[in-house]
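Each remark here refers to the structure printed beneath this line.
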Amino acid sequence: SSMLSRPLRAALAERLERKEQALLFLNRRGHSHHTQCRGCGFVPECPSCDITLTLHVSPREWRCHYCGHREIATPACPRCGATLLRFSGAGTQRVERELAAQLPQARVLRLDTDVARDRARPEQVLLAFARGEADVLLGTQMIAKGLDFPRVTLVGVLDADVALHLPDFRAAERTFQLLVQVSGRAGRGARPGEVYVQTCTPEHPAIQAAALHDANLFLDPELAERREAGYPPYRRLASVLFTGRDEGDVERVAIAVAAALATREVAGVQVLGPAPQALARLREKFRWHLLLKSANTTRLREAALCALEAAAAPGLPRGVSVAADVDPGEVL
Numbered sequence: 041s042s043m044l045s046r047p048l049r050a051a052l053a054e055r056l057e058r059k060e061q062a063l064l065f066l067n068r069r070g071h072s073h074h075t076q077c078r079g080c081g082f083v084p085e086c087p088s089c090d091i092t093l094t095l096h097v098s099p100r101e102w103r104c105h106y107c108g109h110r111e112i113a114t115p116a117c118p119r120c121g122a123t124l125l126r127f128s129g130a131g132t133q134r135v136e137r138e139l140a141a142q143l144p145q146a147r148v149l150r151l152d153t154d155v156a157r158d159r160a161r162p163e164q165v166l167l168a169f170a171r172g173e174a175d176v177l178l179g180t181q182m183i184a185k186g187l188d189f190p191r192v193t194l195v196g197v198l199d200a201d202v203a204l205h206l207p208d209f210r211a212a213e214r215t216f217q218l219l220v221q222v223s224g225r226a227g228r229g230a231r232p233g234e235v236y237v238q239t240c241t242p243e244h245p246a247i248q249a250a251a252l253h254d255a256n257l258f259l260d261p262e263l264a265e266r267r268e269a270g271y272p273p274y275r276r277l278a279s280v281l282f283t284g285r286d287e288g289d290v291e292r293v294a295i296a297v298a299a300a301l302a303t304r305e306v307a308g309v310q311v312l313g314p315a316p317q318a319l320a321r322l323r324e325k326f327r328w329h330l331l332l333k334s335a336n337t338t339r340l341r342e343a344a345l346c347a348l349e350a351a352a353a354p355g356l357p358r359g360v361s362v363a364a365d366v367d368p369g370e371v372l
């Protein structure tokens, strides 16, 4: 029922007694990422994106973190009127409130996109923490790396699983990187540091490798999986993204491009898709994609160029944008 486990609360109280500082990391802003009425099942969703709205407090709103849509968060269900709303998926605002309730003596600074946009610049928050004006710095990825606070002897990762299971082959890699980076914020001064990682999957290689400071525990199984599936570094990727306001047009263009690539049969290039993106609608535009795989860079680029040319063929809908990205940073 709390984002702060008993061991972590005890460790935080110990740091307060010793006049040391702590960092708490949670890569989710807002208060709760999912709201549902237990009476009728209503879930507030963004009208422009295929995503549920995130509850924010002060002001109390439901917000979309992709397009910026906002609407008042009512205490009762907008559909049936029942006061049976259930909130889950905690963000930094909820943790801030829990800290105030469970450790009222702690001086807490929060740093996330909301604070940086509405209250203070990030450097102001960090300078205040460096001057000792707070005991705990709570934040998102903004506090994960590049910070050197010698009085920080405790780092708490509140939910290491936030991005671990996303449908992206780099999800585990990014989780491992973040855990290593944020763990490095503890013990940078004369006193040793300690890191608490809260997770529902402690057996995952990314979690184990970060906890045991052994990169090979992650790299060996991860590389084996990527070799078998044909992902980087063994093969290179190109993503072809189709976006437009008419879902049928986007689908037709994506299917036509995939058919054209199959006809041309670029040697050594595997074509996956087309299929809707994981986030199938974003800012009122529908999204489909193709994924191209090849060990040959020249042929991969040739296939990506063929895809762009095929999308411009006569007879296809004109309201669809097509973009090819070789070596994409993510495939979501």
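Okay, so the sequence shown: first residue is 41 according to the numbering used here, each after it adds one.
Cβ atoms here follow ideal geometry from the backbone N, Cα and C, with glycine treated the same way.
Best match in the options for proximity to residue i [C-alpha to C-alpha]
i      : options                        : result
ALA353 : ALA363, ALA296, VAL306, ALA160 : ALA296
ALA226 : ARG137, PRO115, ASP188         : ASP188
HIS74  : MET182, HIS105, SER334, LEU259 : HIS105
LEU219 : ARG228, GLY229, GLN248         : GLN248
LEU259 : THR193, VAL237, ARG214, THR303 : ARG214
LEU340 : ALA141, GLU324, VAL280, ARG119 : VAL280
THR193 : ARG119, ARG228, ARG171         : ARG228
VAL235 : GLY70, ARG55, ARG171           : ARG55
VAL362 : ALA344, GLY355, LEU372         : ALA344
ARG103 : LYS325, LEU167, SER72          : SER72
Start and end residues, alpha helix (DSSP H) containing residue i
i      : result
SER98  : Segment: none, SER98 is in no alpha helix (DSSP H) and carries neither H nor E.
CYS346 : 337 to 351
Integer-rounded CB distance, given that residue j should sit under 8 Å from residue i
i      : j      : result
GLY79  : CYS117 : 6 Å
LEU149 : VAL165 : 5 Å
PHE65  : ILE183 : 6 Å
ARG266 : PHE209 : 7 Å
VAL454 : GLN133 : Residue numbering for the chain in the displayed model covers 41 to 372; residue 454 lies beyond these limits and cannot be assessed.
Segment limits, beta strand (DSSP E) that includes residue i
i      : result
GLN310 : 309 to 322
ALA62  : 61 to 65
GLU243 : Counting along the chain, GLU243 falls outside any beta strand (DSSP E), and DSSP gives it neither H nor E.
GLY288 : No beta strand (DSSP E) holds GLY288; the alpha helix (DSSP H) holding it covers 287 to 304.
THR215 : THR215 -> not in any beta strand (DSSP E); alpha helix (DSSP H) instead, spanning 211 to 223.
ARG276 : 276 to 284
GLU111 : 110 to 112
Length of the line joining the Cα atoms of residue i and residue j
i      : j      : result
GLU57  : PRO272 : 48 Å
THR94  : GLY369 : 25 Å
LEU331 : ALA278 : 6 Å
LYS185 : LEU63  : 12 Å
ALA299 : HIS109 : 37 Å
SER334 : PRO245 : 27 Å
GLY233 : PRO47  : 15 Å
PRO190 : THR114 : 44 Å
PRO99  : ARG159 : 13 Å
GLY313 : HIS329 : 7 Å
GLY308 : ARG276 : 11 Å
Inset, instruction - Specify whether the region 246 to 256 and the region 277 to 297 touch according to this definition: at least 3 beta carbon pairs, one from each stretch, less than 8 Å apart. - result: Taking a cut-off of 8 Å for Cβ pairs, the region 246 to 256 and the region 277 to 297 do not touch, as fewer than three such pairs fall below it.
Legend entry - Stretch pair the region 317 to 326 + the region 80 to 100: three plus CB contacts closer than 8 Å: Yes: the two stretches touch, three or more of their Cβ pairs being nearer than 8 Å.
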